[in-house]
Every structure is written in C-alpha cells, then in structure tokens.
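Heads up: the sequence shown begins at 143 in the numbering used here, then just goes up one per residue.
Ideal Cβ positions, reconstructed from N, Cα and C, are used throughout, including at glycine.
Quick notes on the structure that follows.
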Amino acid sequence: MTRNEDKISLLQTCFILVSSAGIFDHVMIIPILLQEAGRDAWVSVLSTFFPFVAWIYLLVYIIRKTGKQQLSVWLQQHAGTGIARIFSFLAALQLFSMAAVTLRDTTVWTNVTYLPKTPNLLLVFLFASVCFYAAYSGIQTIAIVNGVLLSFVILFGLFVAISNIPNKDYTLLFPVLAHGLDPLLRGMQITAVAFSELILVLFIQHRIRSTVTARALILTCAVYANLILSPLTGAIAEFGTSEAASLRFTAFEEWRLVTFGHYLEHVDFLSVYQWLVGSFIRISFILFLLPEVFQLPAGKKRTVLLLTVSAVMVAVTQIPVSDMQFVRFLKNIFLPVSLALTIVLLLFLTIVTIVMPYRKVMKR
143 MTRNEDKISL LQTCFILVSS AGIFDHVMII PILLQEAGRD AWVSVLSTFF
193 PFVAWIYLLV YIIRKTGKQQ LSVWLQQHAG TGIARIFSFL AALQLFSMAA
243 VTLRDTTVWT NVTYLPKTPN LLLVFLFASV CFYAAYSGIQ TIAIVNGVLL
293 SFVILFGLFV AISNIPNKDY TLLFPVLAHG LDPLLRGMQI TAVAFSELIL
343 VLFIQHRIRS TVTARALILT CAVYANLILS PLTGAIAEFG TSEAASLRFT
393 AFEEWRLVTF GHYLEHVDFL SVYQWLVGSF IRISFILFLL PEVFQLPAGK
443 KRTVLLLTVS AVMVAVTQIP VSDMQFVRFL KNIFLPVSLA LTIVLLLFLT
493 IVTIVMPYRK VMKR
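In structure tokens, the structure reads:
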C-alpha cells in the first residue's frame with residue numbers, strides 16, 4: 143500500500159506521459175517513419191490513431207478490473223507467483239530497453255551537434271546520474287519538475303512551428319498513396335509503437351490518486367499524434383520527402399531554419415533545452431517504474447536496483463556501434479520487438495482479467 147504523499151494526480155500522470163513520449167515521438171521515430179513511409183508518413187499517423195481508441199478502452203478496462211493495484215501484486219494474487227515474475231521480467235526488459243535507447247540517442251546527438259570534443263562516456267555518466275537521482279527522489283519529484291519544465295518545452299515548440307511557416311510548402315504533402323498501401327502499412331507499424339507507450343499507465347496506476355478515465359488517455363494519445371505530426375509534416379513541407387528522409391535529426395534541422403531577418407539566427411540552442419528535458423523525464427520516469435514492477439518499496443533494495451540498472455544502462459550505451467548500425471537496430475529490431483512485447487503484455491493482462499472471475503465461479 144503506497145502512502146498518499148507518494149501519489150500524483152491523473153493530470154500530472156498525463157503530463158509525464160507526454161514528456162516521456164515527446165523525445166521518442168518528436169525526434170527518434172521521425173527519420174525512420176520518413177524512410178519507411180515517405181510522403182504517406184503523416185497519413186499513417188492519422189490512420190493509426192483511431193484504432194488505438196479501442197486500445198485505450200482496453201487499458202481502462204484492465205485498470206478497473208485490477209482495482210488500481212500494483213500489477214505484480216495483483217498477478218500474484220490471481221495468477222500465481224510464477225506468472226507474476228515472468229510478467230515483471232518482460233516488463234522490466236521493455237522498460238530498460240526504452241531507457242537505454244533514449245540515453246544512447248540523446249548523448250550521440252549531443253556529441254554531434256554542440257559538444258563534439260566531450261567524451262561520450264562522460265556525457266552518459268552525468269546524464270544517467272541526474273536521472274538516477276530524480277528516480278530515487280520519487281514520482282512526486284518527477285511530476286513537479288516536469289510541470290515546471292514542460293511549459294517551456296511547449297512554448298519553444300510553438301515558437302519553432304510558427305517561425306518556420308514562411309519556409310513551408312504544404313503542397314509537398316500530396317499526393318498520398320502514390321505507391322499503394324505498403325508504405326502506409328509500414329508507417330502504421332512504426333506509429334503504433336509510439337502510441338503503444340500508453341501501456342505505461344498500467345505500471346503507474348497504483349500511484350495515481352484520481353480515477354483513470356478513457357477521455358484523459360484519448361486526449362493524451364491525441365497529443366502523441368500531434369507530437370509526431372507537427373515535425374513530420376513540417377519536415378516534408380520544408381525539405382521535401384527525399385531530403386527529409388535523409389536527415390538523421392530531422393527536428394533539429396527544422397530549428398536551424400529559424401531566423402529573424404538578417405540580424406538574428408542560430409536560435410537552435412533552444413532545441414537543446416527541449417531535447418534534454420524530454421530525455422531527462424523519460425529516463426527518470428522509466429527508472430522509477432523499474433523497482434515498481436518488482437514491488438520494491440523505498441529502501442536499500444530499491445536504491446541498489448536503481449544503481450545497478452543505471453550502471454548497466456551506461457555500459458550498454460558504450461557498445462561500439464556506428465550511428466548507422468544503431469538506426470538499423472532501431473528500425474529492424476527495437477521497434478518491432480517493442481511493439482510485439484507490448485501487445486503480448488496487454489493481451490496477457492486482458493486474458494487474466496477475463497479468465498480469473500470465471501475460475502473463481504468454477505471453484506465455488
């Protein structure tokens with residue numbers, strides 16, 4: 143049973159989910175989405191959003207059936223310790239991979255753009271240390287910090303979108319489906335990975351004070367869609383499909399177009415704030431969730447797990463692979479496996495919540 147002071151509101155939860163997804167939706171998947179779907183990429187986002195409404199109602203159904211209990215505790219009571227441990231392991235694997243990939247991508251971008259001579263290991267260590275401390279401090283700390291930082295992220299996002307309007311030619315978004323349905327379907331698979339991150343609400347449900355509603359999650363999913371659509375359509379309208387697909391950090395290149403006449407340019411330093419805030423909240427939130435899936439309360443064991451995971455995460459990011467190999471890993475392994483694992487976890491929870499009441503009736 144968690145103490146009241148360790149809980150946050152549904153609004154704070156949705157804000158954390160938005161910040162956590164922001165760096166992934168806004169930055170990491172855009173280049174891959176453009177490579178796979180081309181001009182149809184923006185259509186694939188819209189086509190994926192509406193089916194995910196059913197996904198959201200499934201999440202709300204599971205939350206209500208589990209009574210907002212900690213998932214691993216509920217599974218122990220209704221499916222047995224063995225099943226609960228398997229679920230916790232798979233969930234932890236998913237969470238760890240999300241954090242490690244984010245840390246790797248963020249620090250590589252930092253080296254490429256504004257700190258080229260700083261050792262990557264130093265960047266990784268410092269960033270992981272800050273995220274560890276935030277996770278160690280608790281979910282309320284993460285929620286409060288996010289509430290302060292997110293407002294400026296949104297403000298800067300609106301700034302770059304409006305400032306680049308003169309550089310945009312929205313006729314480049316058409317025609318769509320010129321190459322059939324195949325690019326659209328590939329794009330939908332990638333977009334589904336972004337939307338499926340809403341499953342994180344299940345791992346934090348026992349820390350939410352208020353009732354989790356479908357309306358709130360649908361609005362959050364709509365924000366997810368906008369986080370992808372805004373830089374995606376902007377990139378196509380500004381650079382064209384082929385050029386946009388060849389860019390490694392598409393959102394950053396959009397920042398570099400912003401100027402004020404002939405006297406003020408290079409305001410892309412504001413993107414550094416957006417990037418680091420998104421990565422910081424995402425990794426901190428995921429690190430906080432890892433002890434949660436193993437039912438570890440505040441104390442020595444929780445701290446040891448956080449330290450161990452942080453150290454392993456730092457080590458994993460130092461595996462000597464080129465950036466091209468990393469992008470191929472994201473496209474060919476991480477994204478499809480992440481989507482498959484999320485679907486497996488959700489289907490498993492759905493089956494357990496449906497079957498368990500019938501088992502109780504049969505025993506009676």
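{"Query": "Determine the closest residue to Gln282 out of Ile346, Ala242, Trp397 and Phe238, with distance taken between C-alpha atoms.", "Result": "Ile346"}
{"Query": "Can you tell me which of the three DSSP states Phe402 falls into?", "Result": "strand"}
{"Query": "Can you check DSSP and say which residues form a bridge with Glu407?", "Result": "Thr401"}
{"Query": "Closer than 6 Å by C-beta to Val365: which residues in its own chain qualify, once you throw out the five before and the five after it? Chain order, please.", "Result": "Val160"}
{"Query": "Quick check: the Cα distance between Lys210 and Ala440, rounded to an integer number of angstroms?", "Result": "20 Å"}
{"Query": "Can Pro373 and Val169 be called in contact, C-beta distance under 9 Å?", "Result": "yes"}
{"Query": "Return the CA-CA distance between Ile171 and Asp247, expressed in angstroms with no decimal places.", "Result": "11 Å"}
{"Query": "Would you say Thr244 and Arg424 are within 9 Å of each other, going by their C-beta atoms?", "Result": "yes"}
{"Query": "DSSP state of Ile548, grouped into three classes?", "Result": "Only positions 143 to 506 of the chain appear in this structure, which leaves residue 548 out of reach."}
{"Query": "For Phe411, count the other beta carbons within 10 Å of its own beta carbon; 16 or more makes it buried, fewer makes it exposed. Which is it?", "Result": "exposed"}
{"Query": "In whole angstroms, what is the alpha-carbon distance linking Gly224 and Leu447?", "Result": "21 Å"}
{"Query": "Tell me the rounded alpha-carbon separation between Ser279 and Val318.", "Result": "48 Å"}
{"Query": "Quick one: what's got a C-beta closer than 8 Å to Ser413's C-beta in the same chain, skipping five residues either side?", "Result": "Phe298, Val302, Ala393, Phe394 and Trp397"}
{"Query": "If you draw a straight line from the alpha carbon of Thr155 to that of Val409, how long is it in whole angstroms?", "Result": "31 Å"}
{"Query": "Just to confirm the assignment: which complete beta strand (DSSP E) runs, minimum length 3, are found wholly within the region 250-326?", "Result": "none"}
{"Query": "Of all the options Phe427, Gln467 and Thr383, which has the alpha carbon lying nearest to the alpha carbon of Leu176?", "Result": "Thr383"}
{"Query": "In whole angstroms, what separates the C-alpha of Asn368 from that of Asn288?", "Result": "19 Å"}
{"Query": "Alpha carbon to alpha carbon, how far is His220 from Arg506? Give it in angstroms, no decimals.", "Result": "For Arg506, the pLDDT reaches just 48, beneath the cut-off of 50, and the residue's location in the model is therefore unreliable, although a value from the coordinates is still provided. Rounded to the nearest angstrom, the two C-alpha atoms are 15 Å apart."}
{"Query": "Looking at Leu487 and Phe550, is the spacing between their C-beta atoms short of 9 Å?", "Result": "Given that the chain is displayed from residue 143 to residue 506, the structure contains no residue 550 and the question cannot be resolved."}
{"Query": "Can you tell which of Ile350, Ala453 and Val335 has the C-alpha that lies nearest to the C-alpha of Phe194?", "Result": "Val335"}
{"Query": "With a CB to CB cut of under 8 Å and the five nearest residues on each side skipped, what residues in its chain are close to Met143?", "Result": "Note that Met143 has pLDDT 39, beneath the 50 cutoff, so the model's placement of it is unreliable and the number below is only indicative. Excluding sequence neighbours, Met143 sits near nothing in its chain."}
{"Query": "Which parts of the region 202-257 are runs of the alpha helix (DSSP H), unbroken and 4 residues or longer, counting only runs that do not cross its ends?", "Result": "213-221 and 223-255"}
{"Query": "Under three-state DSSP, which class holds Ile496?", "Result": "helix"}
{"Query": "Please state whether the Cβ-Cβ distance between Leu429 and Phe267 is less than 9 Å.", "Result": "no"}
{"Query": "Can you tell me whether Ile350 is helix, strand or coil according to DSSP?", "Result": "strand"}
{"Query": "Could you give the C-beta distance for Ala356 and Tyr256, rounded to a whole number, given that I count them as a contact under 8 Å?", "Result": "Contact flag wrong, Cβ pair sits at about 42 Å."}
{"Query": "Evaluate the contact criterion for the region 321-339 versus the region 471-484: three or more CB pairs, one atom per stretch, below 8 Å.", "Result": "yes"}
{"Query": "Quick check: what's the CA-CA separation for Val185 versus Ala457?", "Result": "38 Å"}
{"Query": "I need the straight-line Cα distance from Lys443 to Val435, nearest angstrom please.", "Result": "13 Å"}
{"Query": "Which stretch, first to last residue, makes up the alpha helix (DSSP H) that contains Phe191?", "Result": "Ala183 to Phe191"}
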